[in-house]
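**Student:**
Numbering (my numbering), first residue to last: 9 to 123.
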């Protein structure tokens, strides 16, 4: 009887260890690889499925579920890469759609301005 309980507990812990979410690292591209959109400096970013992002997207009239991937929030264009240190002190992103007056930018990928 005790053996069956020990096996059950061991299996439960193993399942829990496999199912525990871990922090994923974002892939960062060199800024020079941003050929499909604009280089933007965003105050923050998040996945399109995050509650705070979906609330923001719904607030500007974008249908929930129509947006996927990384979304930049409060973004402005980065100009003059390599010209005297002009850059971004927040999150540098390459975004394919920044047509929302800087409020959000869609289709973003993190970039490293030093590469």
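In this text, a Cβ means the ideal position worked out from N, Cα and C, and glycines have one as well.
Does the Cβ-Cβ distance between residue 101 and residue 50 come in under 8 angstroms?
**Tutor:** Residue numbering aside, residue 101 sits at position 93 when the chain shown is read from its first letter. Residue numbering aside, residue 50 sits at position 42 when the chain shown is read from its first letter. By the CB criterion at 8 angstroms, residue 101 and residue 50 fall inside the cutoff.
**Student:** So, for residue 36: in the same chain, excluding its five sequence neighbours on each side, which residues have a beta-carbon less than 6 angstroms away from its beta-carbon?
**Tutor:** Here residue 36 refers to the residue found at position 28 of the chain shown. Cβ neighbours of residue 36 beyond the five flanking positions: 118, 120.
**Student:** What separation, rounded to the nearest whole angstrom, lies between the Cα atoms of residue 86 and residue 45?
**Tutor:** Here residue 86 is taken as the residue at index 78 of the chain shown, counted from 1. Here residue 45 is taken as the residue at index 37 of the chain shown, counted from 1. In a straight line, the C-alpha of residue 86 is about 12 angstroms away from that of residue 45.
**Student:** Put residue 66 into one of helix, strand or coil per three-state DSSP.
**Tutor:** The residue labelled residue 66 in the question sits at position 58 within the chain shown. Helix, per DSSP.
**Student:** Would a C-beta distance cut-off of 8 angstroms place residue 82 and residue 111 closer than the cut-off?
**Tutor:** Along the chain shown, read from residue 1 onward, the residue named residue 82 stands at position 74. Along the chain shown, read from residue 1 onward, the residue named residue 111 stands at position 103. With contacts defined by Cβ atoms closer than 8 angstroms, residue 82 and residue 111 form a contacting pair.
**Student:** Taking all protein chains shown into account, decide if residue 58 is buried (16 or more other Cβ within 10 angstroms of its Cβ) or exposed.
**Tutor:** Locating residue 58 in the chain shown gives position 50, where the first residue counts as 1. Exposed, since its Cβ has fewer than 16 Cβ neighbours within 10 Å.
**Student:** For residue 59, does the three-state DSSP call read helix, strand or coil?
**Tutor:** Counting from 1 along the chain shown, the entry for residue 59 is found at position 51. If DSSP states are grouped into helix, strand and coil, residue 59 belongs with the helices.
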